[in-house]
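Okay, so here's the structure we're looking at.
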Amino acid sequence: MSTALTLKNWTLHHDERNIAHLIINCPDRSMNALSGEVMAELATAIDYLDSHRPSGLIIRSGKSNGFIAGADVNEFTRFENDLQAGKTLIERGWHLFNRIEQLPFPTLALIHGTCLGGGLELALACRYRVLIDSPKPSLGLPEVMLGIYPGWGGAKRLPALIGAQKALDMMLTGRTLDARRAKSFGLVDIVTAQRVALKTAQDYVLSGKPARKAKGIDKLLNTPPFKKIPAYFARKQVKQKDPMGHYPAPLAIIDIWEKHNGDGLADLSIVQRLLQSPTTRNLIRVFHLQDRLKSFTKRGDSKAIKHVHVIGAGVMGGGIATWCALQGLKVTVQDTDHARIAGALKNAASLFARKDRLSAQAARDNFIPDPQGQGIDDADIIIEAIFENLEAKQALYKTIEPRMKEGAILATNTSSLSLASLRTQLARPERFVGVHFFNPVAKMPLVEVITADGIAEEAINQACAFVGRINKLPLLVKDTPGFLVNAVLGPYMLEAMRCVDEGIAPEVIDTAMLRFGMPMGPIELADTVGLDIAMAAGKQLAEGSAPPRCLQQLVSQQKLGKKTGEGFYQWKNRKPSQFSDKDIPEHLEKRLITPFIEQAEKQLQKGIIEDADLVDAGIIFGTGFAPFRGGPLHYKHHS
Numbered sequence: 000m001s002t003a004l005t006l007k008n009w010t011l012h013h014d015e016r017n018i019a020h021l022i023i024n025c026p027d028r029s030m031n032a033l034s035g036e037v038m039a040e041l042a043t044a045i046d047y048l049d050s051h052r053p054s055g056l057i058i059r060s061g062k063s064n065g066f067i068a069g070a071d072v073n074e075f076t077r078f079e080n081d082l083q084a085g086k087t088l089i090e091r092g093w094h095l096f097n098r099i100e101q102l103p104f105p106t107l108a109l110i111h112g113t114c115l116g117g118g119l120e121l122a123l124a125c126r127y128r129v130l131i132d133s134p135k136p137s138l139g140l141p142e143v144m145l146g147i148y149p150g151w152g153g154a155k156r157l158p159a160l161i162g163a164q165k166a167l168d169m170m171l172t173g174r175t176l177d178a179r180r181a182k183s184f185g186l187v188d189i190v191t192a193q194r195v196a197l198k199t200a201q202d203y204v205l206s207g208k209p210a211r212k213a214k215g216i217d218k219l220l221n222t223p224p225f226k227k228i229p230a231y232f233a234r235k236q237v238k239q240k241d242p243m244g245h246y247p248a249p250l251a252i253i254d255i256w257e258k259h260n261g262d263g264l265a266d267l268s269i270v271q272r273l274l275q276s277p278t279t280r281n282l283i284r285v286f287h288l289q290d291r292l293k294s295f296t297k298r299g300d301s302k303a304i305k306h307v308h309v310i311g312a313g314v315m316g317g318g319i320a321t322w323c324a325l326q327g328l329k330v331t332v333q334d335t336d337h338a339r340i341a342g343a344l345k346n347a348a349s350l351f352a353r354k355d356r357l358s359a360q361a362a363r364d365n366f367i368p369d370p371q372g373q374g375i376d377d378a379d380i381i382i383e384a385i386f387e388n389l390e391a392k393q394a395l396y397k398t399i400e401p402r403m404k405e406g407a408i409l410a411t412n413t414s415s416l417s418l419a420s421l422r423t424q425l426a427r428p429e430r431f432v433g434v435h436f437f438n439p440v441a442k443m444p445l446v447e448v449i450t451a452d453g454i455a456e457e458a459i460n461q462a463c464a465f466v467g468r469i470n471k472l473p474l475l476v477k478d479t480p481g482f483l484v485n486a487v488l489g490p491y492m493l494e495a496m497r498c499v500d501e502g503i504a505p506e507v508i509d510t511a512m513l514r515f516g517m518p519m520g521p522i523e524l525a526d527t528v529g530l531d532i533a534m535a536a537g538k539q540l541a542e543g544s545a546p547p548r549c550l551q552q553l554v555s556q557q558k559l560g561k562k563t564g565e566g567f568y569q570w571k572n573r574k575p576s577q578f579s580d581k582d583i584p585e586h587l588e589k590r591l592i593t594p595f596i597e598q599a600e601k602q603l604q605k606g607i608i609e610d611a612d613l614v615d616a617g618i619i620f621g622t623g624f625a626p627f628r629g630g631p632l633h634y635k636h637h638s
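Each residue of the sequence shown is one higher than the one before, starting from 0 at the first, in numbering that gives the first Met the number 0.
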């Protein structure tokens, strides 16, 4: 039974048991978001329900891809110059969700897919939460990644529900939960199958069961004065990860939870500090850059990609195959060396083991050893990831191309050879693209999609769709030495090594860049990549200058970094030696970051990337360049 209430983003009806169903479906968005308009309509619906008193209320989504992605981030951009607007937005959600929590009838959030930020805060305001078991549920409070805090009650209700330690970990890292962990944490009451979800929700909202709350030690540590214990350890952990205090939001979240029971409005100085922080402004910029990269994935048909064939089971090929299998694609893995396939399987198993039992088994089933390359005939995309040798790759392509099915794409993961030279022997060069992954594949979000004159637009679009299908971010880059990321990283690492030649200790160099905000120093990065690879890349990108003496010496001694146990550092238990607390030489930071920025500008001027924002996006997601600085080009113009 529908109501007389007319809303743009919500529909309201009652079933035969007088349960109200409030369904969000924002018509102008692919994913639901809680904009000012949506929240105003929600308040109107709650007013109506409060006066008409249904037997229960179920809040759910009308979109197949998820519940609610969070607040409307576009509304955050004006806060820097309008603190009152930020305060008003926080007050609106805080008071509205408090009203929902206090409604005189039972409430339930029926969740599927994405449930983040304000979406989860809305669910937390309900008495019950039922989660539909779908392939990729994602529940979390990732506000910290935007430099802000959960302002609509999440910082209060999440610790009260699952305990302070688990809640603080989620809020301080932005980490999300899948269905298994959401249930084990106590974040949801039930995980149910899609086919019975609505009936389950109807029964549960009328069950009369008490609302779930943290118990025992979890409850104790969420009450004064015991809050001081998890707060102390959380602050200690934050300061270890961010000793320079580049990111103010994590400590603010701890303060708001410990001192104000999750109510940021109790201390507006905290809100002001966050909303007007350059860090927040830049992290919101990074969010929009990420959205722009995601938009490229919509150019092709990701549903048409079901089977990936990977040739080469080494570090990169094995990593690509493992990741694709984990994302639900059938993957056949070809290599002339059976031992390499076995090694790739072993490495894959360790990654699969981190997932729940069913996901791990599905990934294992997807990963199919195929030493003879029988999968070529049926694959939608064939990824070549063999060693960097032009003749070997060209010879391989001659055997592959005649067997490819109509519409399939041939892709190379080359990091140093040009597409123009690789495709000279191909009968259909228009179906040949570059998909340049970064190591480790499971952790690095960016994939450079390499284009060149003559490549079919449809092939490029499908390559972008493939990257999106495996939950990576595609960046379109024109065929040029080093593409974007390596072209920028190479001179940066070489300059760091020249500092070593001048007598500056590697750990001092790395410490300087860690203080700048890099996730890893340039010397440790070179050790991690492999000094032999750094040497080869350096020769390609050094424009005639000789490689640093220290690099030549280590490579000649076969001290290649992490993979051999020794390079610039002694690697023990797969970790480098401890960094130094010595004084950093004046201007060292500027000296190291200058070639980084200069190379970024050079690549933009060459026209290999569409614009400066995409250069910044590629470098942030491809190198880990300090996100709070907004990208190297943005940093230069705003520092």
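Cβ coordinates follow ideal geometry from the N, Cα and C atoms, glycine included. Predicted, not measured: the structure shown is a model, and the values here were computed from it.
Within the segment 408-473, ranges of the alpha helix (DSSP H) (whole runs, at least 4 residues):
418-421, 456-468
At 3 residues or longer, and completely inside the segment 336-383: list those beta strand (DSSP E) runs for me, N to C.
366-368, 380-383
Check whether the Cβ atoms of F104 and P53 lie closer than 8 angstroms to each other.
yes
Relative to the C-alpha of A230, which candidate in K208, I255, D241 has its C-alpha closest?
I255
From the DSSP output, read off the bridge partner residues of A70.
L33
Nearest candidate by alpha-carbon position, reference C498, set A394, G316, D334, H586:
H586
Should I532 be labelled buried (16 or more other beta-carbon atoms within 10 Å of its own) or exposed?
buried
Using 10 angstroms around the beta-carbon of I228, count the other beta-carbons present and answer buried if the total reaches 16, otherwise exposed.
exposed
Could you check how far apart the C-beta atoms of L145 and T279 are, in whole angstroms? I think they sit under 8 angstroms.
7 angstroms
Can you tell me which of E501, I382, L282 puts its alpha carbon nearest to the alpha carbon of V446?
I382
Length of the line joining the Cα atoms of E597 and L513
20 angstroms
For the alpha helix (DSSP H) that contains V195, what are its first and last residues?
Unbroken run through V195: none, as it is neither H nor E.
From K648 to V314, what distance separates their C-alpha atoms?
What the structure shows of the chain is the stretch from 0 to 638, and residue 648 is not part of that stretch, so it cannot be assessed.
Using 10 angstroms around the beta-carbon of Q360, count the other beta-carbons present and answer buried if the total reaches 16, otherwise exposed.
exposed
Select from G467, R548, D526, P521 the residue whose C-alpha is nearest the C-alpha of G502.
R548
Rounded to the nearest angstrom, what separates P277 and F627 at their Cα positions?
8 angstroms
Measure the CB-CB distance between A591 and A511 and report whether it falls below 8 angstroms.
Before going on, a small fix: residue 591 reads as Leu here, not Ala. Contact: yes.
Counting only beta-carbon atoms, is W256 nearer than 8 angstroms to chain D?
The chain inventory of the structure shown lacks chain D, comprising one protein chain alone.
Tell me the DSSP secondary structure of G65 in three-state form.
strand
Simplified DSSP assignment, three categories, for T113:
strand
Are the segment 258-267 and the segment 147-156 touching, with three or more C-beta to C-beta distances below 8 angstroms?
yes
Selected residue, minimal CA-CA separation from M403, among L389, D376, A426:
D376
Quick one: is S294 buried, meaning 16 or more other Cβ sit within 10 Å of its Cβ, or exposed?
exposed
Where do the ends of the beta strand (DSSP E) carrying G55 lie?
55-60
Verify whether the separation of the beta carbon atoms of T76 and I283 is less than 8 angstroms.
yes
Neighbourhood of V187 by C-beta, 6 angstroms cutoff - its chain only, sequence neighbours within 5 removed:
R128, L130, A181
Helix or strand or just coil, what does DSSP make of V237?
helix
For A108, which residues from the same chain have a beta carbon less than 7 angstroms from its beta carbon, with the 5 sequence-adjacent residues on both sides left out?
I58, L121, A122, C125, R128
Cβ distance (whole Å) where A362 is taken to contact I319 below 8 angstroms:
The pair is not a contact, with the Cβ atoms about 14 angstroms apart (cut-off 8 angstroms).
Inter-residue Cα distance where the pair is H13 and K635
57 angstroms
Using C-beta distances below 6 angstroms, list every residue in its chain close to G372, excluding the 5 sequence neighbours before and after it, in chain order.
Q333
Going by DSSP, what residue range makes up the beta strand (DSSP E) through V330?
329-333
Is there contact between the segment 417-435 and the segment 465-479, where contact requires at least three CB pairs shorter than 8 angstroms?
yes
Sort L325, G529, S34, L483 by Cα distance to V614 and report the nearest one.
L483
Inspect the CB distances between the segment 31-38 and the segment 237-251 and report whether three or more fall short of 8 angstroms.
no
Following the continuous beta strand (DSSP E) through L21, name the residue where it begins and the one where it ends.
18-23
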